[in-house]
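Here the sequence shown is numbered in this note's numbering, starting from 4 and rising by one per residue.
What follows is a single structure, written as structure tokens, with notes after it.
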Amino acid sequence: MKGVSFMIEILIHKKLTNQLNAEENAAFEQWINASNDHPLIFAEYRTIWEAGARLKPELKINPETAYARYSQKYQIAGSKAGEMRRMRMRSNVFLRFAAAACLLGLLVFAGLNVFNNYNKVQTISTNLRTISTFNLEDGTVVKLNKGSSLSFPKHFKKGNRNVTLKGEAFFEVSKDAQRPFVIHVSEGDITVLGTSFNVFQRDNLSLTILVTSGQVKFTPENGSTPVFISKGEKMTFDAEGIIQKETDLAANDLAWFRKTLQFENIALTQVLKDISKFYAVDIRADRPCIDELRFSSPGDLSLGTNIEQVLRIVTTPYPMLRVSKSAEGYLISGNCK
């Protein structure tokens with residue numbers, strides 16, 4: 004294990020197999036008490052050992068017997084009895100370390116297979132037409148928007164509950180004060196203890212965090228000061244590293260999550276952006292004057308309607324506008340007057 008010397012690994016192995024003598028036991032106790040991390044390291048070794056024991060039959064090696072067989076096979080002999088004893092003594096020491104290393108290797112090999120499988124990282128991805136809802140091992144509920152992915156371990160260990168997000172997801176994080184929930188995105192890290200919030204990451208161009216309960220902390224990757232976002236607040240982090248916070252949340256900020264799409268006197272350009280995001284389809288307007296137009300919906304546009312029906316409804320108040328399909332998605336063109 005990284006950070007642990009070979010001699011300490013030998014002591015740990017002998018501790019696990021009840022082979023420590025008084026001097027070795029004193030050395031082990033000195034090591035385990037030298038740092039608060041050492042009991043945790045030993046606990047990990049013990050977990051691996053126990054897992055390996057369930058997979059492999061116990062391997063017993065007697066160094067003296069091994070050496071005797073080795074000597075007999077290769078007809079090792081010394082010219083003097085004292086030389087033979089010294090040779091055997093050196094060989095016994097070597098074989099003891101070799102046996103311990105062998106056992107430790109089998110322990111790590113067998114145990115790490117279980118350990119890695121136990122902590123295996125899995126990824127759930129959605130296509131451009133699917134929204135997926137699932138629970139993590141700690142009880143956290145995740146709703147993953149279209150065209151997104153979340154990577155997470157099968158089981159969370161001690162310390163942070165780490166996941167990696169690409170795209171957009173709504174989290175209802177299970178409370179655990181001892182294990183903060185950390186979402187890694189390309190722009191930085193989002194840390195929470197227990198709350199509900201939405202994270203929208205767009206092609207490494209911007210990051211938006213909207214909190215519906217509790218509080219989260221965003222730590223930018225560029226090393227700038229962390230930002231706290233509380234209930235009812237929204238933070239935007241753009242490609243230039245500029246952070247903006249606001250409390251005047253738009254009606255459709257969580258349209259994909261709530262499955263509703265309603266507008267009341269909203270700029271048509273914003274309406275098209277919201278529809279584009281809701282249906283995961285590219286929509287473009289080729290007339291700057293469209294910025295001056297506004298739209299109010301007759302109801303929830305998400306109910307039983309597809310993208311083409313929605314665009315027809317949106318452009319009905321403006322018969323001079325035309326909707327056409329393009330290679331990328333849809334194009335809104337025509338005259339504004």
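C-beta: ideal position from N, C-alpha, C; glycine also.
Quick caveat: nothing in here was measured; it's all calculated off a predicted structure.
Cβ contact annotation for T136 (same chain, cutoff 8 angstroms, sequence separation greater than five): V144, V145, K146, L147, in chain order. Of the candidates S329, N268, A330, D289, the residue whose Cα lies closest to the Cα of V317 is N268. In terms of Cβ geometry, L213 and F200 form a close pair [threshold 9 angstroms]. Going by C-alpha positions, T194 is about 12 angstroms away from A180. H16 sits buried, since 16 or more C-beta atoms from the chains shown fall within 10 Å of its C-beta. By alpha-carbon distance to Q218, the top candidate from T211, D285, G235, K157 is G235. Annotation for T211: F203, T239 place their beta carbon closer than 6 angstroms to its own, counting only its chain and skipping 5 residues before and after. In the three-state DSSP reduction, T308 falls in the coil class, being neither helix nor strand. Taking C-beta atoms as the reference points, L296 and A258 fail to come closer than 9 angstroms.
Approximately 7 angstroms separates the beta-carbon atoms of I335 and I293; this is inside 8 angstroms, confirming the contact. Cα atoms of L196 and F155: separation of roughly 17 angstroms, rounded to the nearest angstrom.
Membership of K146 in the beta strand (DSSP E) is indicated by the continuous run 144-147. In the three-state reduction of the DSSP assignment, M238 falls in the strand class, which pools E and B.
Distances from the alpha-carbon of K262 to those of D251, R164, T215, L304 put L304 closest. Judged by their CB atoms, K161 and L275 are not nearer to each other than the 9 angstroms cut-off. Within the DSSP bridge table, the entry for K157 names no partner. Looking at the backbone, the Cα of V124 and that of R132 are separated by about 25 angstroms. For the 9 angstroms CB-CB criterion, F173 and F281 do not form a contact. Unbroken beta strand (DSSP E) runs of no fewer than 3 residues, entirely contained in the stretch 231-295, are found at 237-241, 246-249, 285-288, following chain order. For A288 and G150, the gap between their C-alpha atoms comes out near 23 angstroms. Contact check for I286 and Y333: beta-carbon distance about 5 angstroms, within the 8 angstroms limit, so the pair qualifies.
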